[in-house]
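Numbering (this note's numbering), first residue to last: -1 to 129. We put the CB at the ideal spot given by N, CA and C, even for glycine.
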Amino acid sequence: MTEISKRMKLLLIINTIAAFIYGFLYLAIPEILADLNDPTNYDPHFWRLWGGLCIVFGIFGILMIKRAEWEGIKILIEFVIIWLIMTNIINIATMFIIPRSAVNFASELFDIILIFALIGANTYLYLQEGQ
C-alpha cells in the first residue's frame, strides 16, 4: 500500500477543519449564523441537517488521515471532489435565481470561492497522488 504524501495529509486536515467549522455553525448555532448572513429563508431543521452532514464529512476526514494509504482513501477523495463540484454548481445557480441581500450575497460568494479553492487543491493532489 502506498502512503499518502505530507501535502495530501495537510489538505485532508484543511478539509476536515473546514467541515467541522461549517458543521458547528450549522448544527450548534444556526440562529446566530442566520443572523450573521441574512438568509432569504431559514429552516432550522434543514440547517441542522446540513451541519450534521458537514460533521460526518469531518469524521470521514479524520478516518482518511488515520488510514493514510492512497488505495484506502482514493474513492473518498473522489466523492469529496464530486460533492464539492455539485455544491458549487448549486451555489452559483442560486446566486442568480434567489434574490439576496448584499450581506447574503457576500457570504455566498465567500463560500463559492472557498469551495473552488478546495476543488482545485483536492483535484491537483488527487492527480499527483495517483501517479
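Handout entry: Length of the line joining the Cα atoms of Tyr24 and Leu9
Key = Cα to Cα, Tyr24 sits roughly 22 Å from Leu9.
Practice task
Identify which residue in Leu51, Gln129, Gln126 and Glu76 has its Cα closest to the Cα of Ile19.
Solution key: Closest in alpha carbon position to Ile19, among Leu51, Gln129, Gln126 and Glu76, is Leu51.
Handout entry: Proximity winner among Val78, Trp68, Glu69 and Ile71, relative to Thr121 (alpha-carbon distances)
Key = Checking every option, the nearest Cα to that of Thr121 belongs to Val78.
Handout entry: Beta-carbon proximity of Gly59 to Thr14, cut-off 8 Å
Key = Taking 8 Å as the Cβ cut-off, Gly59 and Thr14 qualify as a contacting pair.
Handout entry: Residue of Ser3, Gln129 and Gly128 minimising C-alpha distance to Leu64
Key = Here the sequence assigns Lys to residue 64, which means Leu is not the residue at that position. The residue with the shortest Cα to Cα distance from Lys64 is Ser3.
Practice task
Compare the beta carbon distance of Leu116 and Leu82 with 8 Å and say whether it is the shorter of the two.
Solution key: It is a contact, given that the beta carbons lie within the stated cut-off.
Problem - Proximity to Asn39 [Cα-Cα], best of Trp48, Gly70, Ile71 and Ile96 - result: Proximity to Asn39 across Trp48, Gly70, Ile71 and Ile96 peaks at Ile96, based on C-alpha coordinates.
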